[in-house]
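A short worksheet on the structure shown next.
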Amino acid sequence: MAPSNTSIKLVRNIPSGTPTLDDFKIETIETPTKDSLKPDQVLVRTLYLSCDPYFRGRLTGTRDSYVASFAPGKPIEGLGVGIVEASTSSKFSEGDLVTGGSFLWETRHVLSESEITKVPSNTGISPANYLGVLGMPSFTAYVGLVSLCSPKAGETILVSAASGAVGQMVVQLAKARGLRVIGAAGSDDKVDFVKSLGADVVFNYKTCGSLQETVKKAAPQGIDIYFDNVGGELLDVALSSMKFNGRIAACGMISQYNATPETAYRIKNLVNIVPKKVSIFGFIVTDYYSKPDYKNFIDEVSASLQQGKVQYKLDEVTGLENAPQALLDLFEGKNFGKRVVKVTDTNQRL
Ligand SMILES: NC(=O)c1ccc[n+]([C@@H]2O[C@H](COP(=O)([O-])OP(=O)(O)OC[C@H]3O[C@@H](n4cnc5c(N)ncnc54)[C@H](OP(=O)(O)O)[C@@H]3O)[C@@H](O)[C@H]2O)c1
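Structure (structure tokens):
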């Protein structure tokens, strides 16, 4: 009997507002077999799937984006790690550990060889790390901070969503470069964690009172770099707190992803950009994988990991059927660290 194959599909596009579990459906579908493979394809068993805030943009149905929207009736897809169970590709063999950005939210599925790359197995680290510390969020931190904002020792950086997948790495890359780091996070546990990474001042933006006064107190001389993961009010406060020649890594604006035209936050302090000569760098990490920055990132972070100089918090949810909730949690701050879904066990066999 073929093993059961679970598939998470989108029911409808959600142009704005807050998605719910009803927008997803869980189906049991036929498991692909080795015989169904076309040339240069692999059958992959999914180990881990990545939940990322950028999925919100892919739920909208808009064509006006750097990445295609999810389509109703089709499975959700994104970054994943899995094991090759069968292959018609000369580049991949049974047992290879692979990663890529086109993993379907299914237990087993077929990918073409161009959609995956091999990653080292039996290294003693969880394969989930290829979605975190050695993966896209961590590289995003590197691009936004190192490649774009040119940090210098002694400068002050403010990082929002500082305990998250991207933020926790920004904090550590900035400390390693001698910056004074101020972190913002949404719970006291998260604040403690960001402090444990070496941040100099960390505040709970939900309970601190006036954001303007809190940032002013943490950085009386102002901010050189703002690494923006959230947009909204904190971006507004940062804009009014930037020093001359300040830089903003416009990485993400999660506070606005579920906003409607009526609830969207209206920025008031953009006027500071010109007289203070502030640079704002909007960027998408996928543009940087083909640049030298990627090798530089892998070299630095692999070495730091081996030397125990970097920590990285994964937040694992078990079971593909729980993936929609695991994703929706991101927009309420219910994840603590890099949110991944564990689909099957590393040692599980057909
Ligand atoms: N430009 C790129 O190429 C790129 C690549 C990857 C990620 N990103 C962006 O980077 C940002 C962080 O992504 P991530 O993967 O590291 O996510 P994450 O921080 O692991 O998870 C999202 C976090 O955002 C915070 N949040 C959620 N709703 C919020 C709200 N209404 N107001 C303020 N904070 C809120 C929560 O943390 P708290 O509990 O601390 O509020 C939540 O835990 C996102 O905006 C994402 O879109 C951009």
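FYI, numbering that gives the first Met the number 0 numbers position 208 of the sequence shown as 207, with every residue one higher than the one before it. Ideal Cβ placement from N, Cα and C applies to all residues, glycine included. Predicted model only: the values in this text are computed from it and were never measured.
Taking 7 Å as the cut-off, is the C-beta of residue 228 nearer than that to any heavy atom in ligand 1? yes
Compare the C-alpha of residue 76 against each of 51, 119, 218, 4 and name the closest. 51
May I have the straight-line CA-CA distance separating residue 290 from residue 64, to the nearest angstrom? 22 Å
Let me make sure I understand the geometry here. Which of 306, 188, 294 has the alpha-carbon closest to that of residue 206? 188
In the DSSP assignment, find the unbroken beta strand (DSSP E) run with residue 166 in it and report its ends. Careful: residue 166 lies outside any beta strand (DSSP E), inside the alpha helix (DSSP H) at 166-175.
Residue 225, enclosing beta strand (DSSP E) - first and last residue: 222-227
Boundaries of the alpha helix (DSSP H) in which residue 269 is found, first to last residue: Premise fails: residue 269 is in no alpha helix (DSSP H) and is neither H nor E.
Rounding to the nearest angstrom, what Cα-Cα distance links residue 157 and residue 233 in this structure? 10 Å
From which residue to which residue does the alpha helix (DSSP H) around residue 302 run? 291-305
Where residue 135 falls: helix, strand or coil (DSSP): helix
The alpha helix (DSSP H) that contains residue 188, what's its start and end? 187-195
From residue 9 to residue 70, what does the alpha carbon distance come to, in whole angstroms? 7 Å
As a quick exercise: from 197, 190, 286, pick the residue whose alpha carbon is nearest that of residue 178. 197
Is residue 189 near ligand 1, in the sense that its beta carbon is under 7 Å from a heavy atom of that ligand? yes
Are the region 143-151 and the region 209-216 touching, with three or more C-beta to C-beta distances below 8 Å? no
Does DSSP classify residue 348 as helix, strand or coil? Caution is warranted here: a pLDDT of 47 is assigned to residue 348, below 50, making its placement in the model unreliable, and no coordinate value can be reported.
Inter-stretch contact at 8 Å, needing at least 3 Cβ pairs: the region 299-314 / the region 262-278: no
Spatial neighbours of residue 79 in its chain, beta-carbon cut-off 6 Å, leaving aside the 5 residues before and after: 45, 48, 102
Comparing alpha-carbon positions, which option in 135, 108, 200, 109 lies nearest residue 296? 135
Using beta-carbon positions only, say whether residue 132 and residue 316 come within less than 8 Å of one another. no
Selection from 214, 159, 16 that minimises the alpha carbon distance to residue 259: 16
Given a threshold of 16 other Cβ atoms within 10 Å of its Cβ, counted over all protein chains shown, does residue 55 qualify as buried or as exposed? buried
Determine the contact status of residue 7 and residue 238, defining contact as a CB-CB distance below 8 Å. no
Under a three-way DSSP split, which group does residue 86 fall into? strand
Between residue 67 and residue 325, what straight-line distance do the alpha-carbon atoms span, to the nearest angstrom? 21 Å
Looking at the secondary structure, which residues open and close the alpha helix (DSSP H) in which residue 315 lies? No alpha helix (DSSP H) holds residue 315; the beta strand (DSSP E) holding it covers 313-317.
Taking the CB atoms as reference points, tell me whether residue 115 and residue 99 lie closer together than 8 Å. yes
Give me, in chain order, the residues of the same chain whose beta-carbon lies closer than 7 Å to that of residue 263; leave out the 5 immediate sequence neighbours on both sides. 255
Should residue 348 be labelled buried (16 or more other beta-carbon atoms within 10 Å of its own) or exposed? In this predicted model, residue 348 has a pLDDT of only 47, less than 50, meaning its place in the structure is not dependable; the value taken from the coordinates is given anyway. Residue 348 is exposed by the Cβ-count criterion.
Which term fits residue 305, buried or exposed, when burial requires 16 or more other beta carbons within 10 angstroms of its beta carbon? exposed
Mind checking whether the beta-carbon of residue 288 lies closer than 7 Å to any heavy atom of ligand 1? no
Considering only C-alpha positions, which residue in the set 236, 113, 162, 108 is nearest to residue 338? 162
Among residues of its own chain, excluding the 5 on either side of residue 86, which ones have a beta-carbon nearer than 7 Å to its beta-carbon? 41, 92, 93
Consult DSSP for residue 203 and reduce its assignment to one of helix, strand or coil. strand
Could you give the first and the last residue of the continuous beta strand (DSSP E) run that contains residue 232? It is not in any beta strand (DSSP E) - residue 232 instead sits in the alpha helix (DSSP H) that spans 231-240.
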